[in-house]
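Engineer: In our numbering, the protein residues as written are 202 to 311.
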Amino acid sequence: MRLFRSLAPVTAAAALVLCLPYEALSHPRAERPEPFGAECRTVVRGSHVVAYCHNPYAETDRVRLHIECDRWWDLDTDGAPADAGPAVTVRLSGRCWKEVRSAWVSHQKG
Numbered sequence: 202m203r204l205f206r207s208l209a210p211v212t213a214a215a216a217l218v219l220c221l222p223y224e225a226l227s228h229p230r231a232e233r234p235e236p237f238g239a240e241c242r243t244v245v246r247g248s249h250v251v252a253y254c255h256n257p258y259a260e261t262d263r264v265r266l267h268i269e270c271d272r273w274w275d276l277d278t279d280g281a282p283a284d285a286g287p288a289v290t291v292r293l294s295g296r297c298w299k300e301v302r303s304a305w306v307s308h309q310k311g
């Protein structure tokens, strides 16, 4: 009877390990990446573009406004980068001579 009592915990532990899926045994638990990236709102009015980027996270986000103009002779622009620190909102602006085809904001860890 004493042998059964001493083997019971070992048997229960072995049964639990054997019931785990293979992925749980072979791969260490992956760490979640830290959240990153400012939330940007872009507004196009005629030939002018304005983007407001708010960074709710602890790491600085270097944001940059890119504008593609509709006319072939109108120069596309890449604005200067601006650092959006933690809990900071930055304003980015630019323009084309005529119509704007598209505008977007790129993000880089600062």
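Just so it is clear, CB atoms sit at the ideal spot from N, CA and C, and this is done for glycine as well.
Using the C-alpha atoms, what's the distance from V291 back to D277?
Structural biologist: In the sequence shown, the residue the question calls residue 277 occupies position 76. In the sequence shown, the residue the question calls residue 291 occupies position 90. One C-alpha to the other measures close to 22 angstroms.
Engineer: Excluding the 5 residues flanking V251 on each side, which residues of the same chain have their C-beta closer than 8 angstroms to its C-beta?
Structural biologist: Numbered from 1 along the sequence shown, position 50 holds the residue referred to as residue 251. Excluding residues within five positions, the ones whose Cβ falls inside 8 angstroms are T243, V244, R292, L293, S294.
Engineer: Throw me the rounded Cβ distance for the H173 and S307 pair, which I believe falls under 8 angstroms.
Structural biologist: Lying before the first or after the last residue shown, residue 173 is absent from the chain, which here runs from 202 to 311.
Engineer: Give the straight-line distance between the Cα atoms of D271 and K310, rounded to the nearest whole angstrom.
Structural biologist: By 1-based counting over the sequence shown, the position of residue 271 is 70. By 1-based counting over the sequence shown, the position of residue 310 is 109. Spanning the two alpha carbons is a distance of roughly 30 angstroms.
Engineer: Less than 8 angstroms separating the beta-carbons of R296 and H249?
Structural biologist: Walking along the sequence shown from the start, residue 296 turns up at place 95. Walking along the sequence shown from the start, residue 249 turns up at place 48. Result yes, Cβ atoms of R296 and H249 sit closer than 8 angstroms.
Engineer: So is A231 buried or exposed if we call it buried at 16+ other beta carbons inside 10 Å?
Structural biologist: Taking the first residue of the sequence shown as position 1, residue 231 is located at position 30. So A231 counts as exposed.
Engineer: Inspect the beta-carbon positions of D284 and R263 and report whether they are closer than 8 angstroms.
Structural biologist: On the sequence shown, residue 284 is found 83 positions in, with the first residue counted as 1. On the sequence shown, residue 263 is found 62 positions in, with the first residue counted as 1. In contact: D284 and R263 (Cβ atoms closer than 8 angstroms).
Engineer: Can you check DSSP and say which residues form a bridge with K299?
Structural biologist: Residue mapping note: residue 299 aligns to position 98 of the sequence shown, counting from 1. None, per the DSSP bridge assignment.
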